[in-house]
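Visitor:
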Amino acid sequence: MLLINNSGIGAFGAFAARDVERQLAMVDVNVRAIVQLTGLLLPLLHARGGAIMNVASTVAFQPAPFAATYGASKAFVLHWTIALDHELRGSGVRAIAVCPGTTQTDFFQTAGLAPGVENQVGAMSADAVVAAAFRALAAGRSQVVPGWFNKAYTFAASKLPKPVAAGLAAKVLRRRSGEARV
Ligand SMILES: NC(=O)c1ccc[n+]([C@@H]2O[C@H](COP(=O)([O-])OP(=O)(O)OC[C@H]3O[C@@H](n4cnc5c(N)ncnc54)[C@H](OP(=O)(O)O)[C@@H]3O)[C@@H](O)[C@H]2O)c1
């Protein structure tokens with residue numbers, strides 16, 4: 000049995016300039032629903048054996064100014080899933096966090112960004128991300144970052160002190176979200 004928690008929404012821009020209700024809706028979908036669905040289905044997973052695949056993001060690896068709530072929600076998914084996988088060892092159930100970078104879906108359009116972001120360097124097709132996720136699941140891993148560009152990016156981001164990594168992420172995310180420099 001496989002539970003895939005893929006649903007997620009993004010919002011870009013400075014927190015102070017954005018609708019708090021939208022931020023809370025994002026926390027509900029990206030965080031609360033994953034905890035709730037996993038909790039509800041875990042007894043069935045234990046009975047049948049299987050796995051939980053939670054979709055995080057490369058943005059989970061550093062603080063993400065101009066996508067602060069989205070980034071933190073994905074950091075939750077990444078850390079929570081890996082911790083859960085440890086707790087589940089020997090139970091016949093596993094958990095894996097999938098951390099895609101830019102992927103060619105409707106995600107950015109839904110988040111209100113102009114078309115084109117999904118074609119930036121390192122962007123992957125959804126099919127390629129899914130294939131990498133299932134290879135990693137079959138290999139027994141608890142985390143996968145699909146694609147060489149995303150692997151290099153997250154390796155670098157996770158080695159830097161968090162305030163430094165946040166500063167670098169801010170340069171990209173400020174431009175992506177259309178925020179003016181103050
Ligand atoms: N695309 C990227 O560059 C990228 C990068 C990193 C991580 N991710 C993550 O990948 C996952 C899939 O996103 P995507 O790229 O496929 O984006 P997408 O095309 O916008 O799809 C978002 C999915 O989330 C579902 N969803 C949104 N709000 C929901 C709600 N309130 N209740 C239930 N389902 C809801 C949507 O369902 P409906 O179709 O029914 O609305 C849709 O299936 C997300 O967790 C996202 O954060 C995406």
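For the sequence shown, numbering that gives the first Met the number 0 assigns the number 0 to the initial residue and increments by one for each residue that follows. All C-beta atoms in this analysis are idealised placements derived from N, C-alpha and C, irrespective of residue type, glycine included. Remember, predicted model here, so these are calculated numbers, not experimental data.
1) Please determine whether the Cβ atom of D105 lies at a distance below 7 Å from any heavy atom of ligand 1.
2) The alpha helix (DSSP H) spanning N149 covers which residue range?
3) Determine the closest residue to A46 out of F60, F154, M0, with distance taken between C-alpha atoms.
4) Locate the beta strand (DSSP E) running through R93, then write down its first and last residues.
5) Please go through the region 6-36 and give each complete alpha helix (DSSP H) segment of 4 or more residues, from N-terminal end onward.
6) Run through the DSSP bridge pairs and tell me what V54 is partnered with.
Guide: Result, derived from the coordinates:
1) Closer than 7 Å to some heavy atom of ligand 1: that describes the Cβ of D105.
2) Judged by DSSP secondary structure, N149 falls within the alpha helix (DSSP H) whose first and last residues are 147-158.
3) M0
4) 92-97
5) 19-26
6) V97
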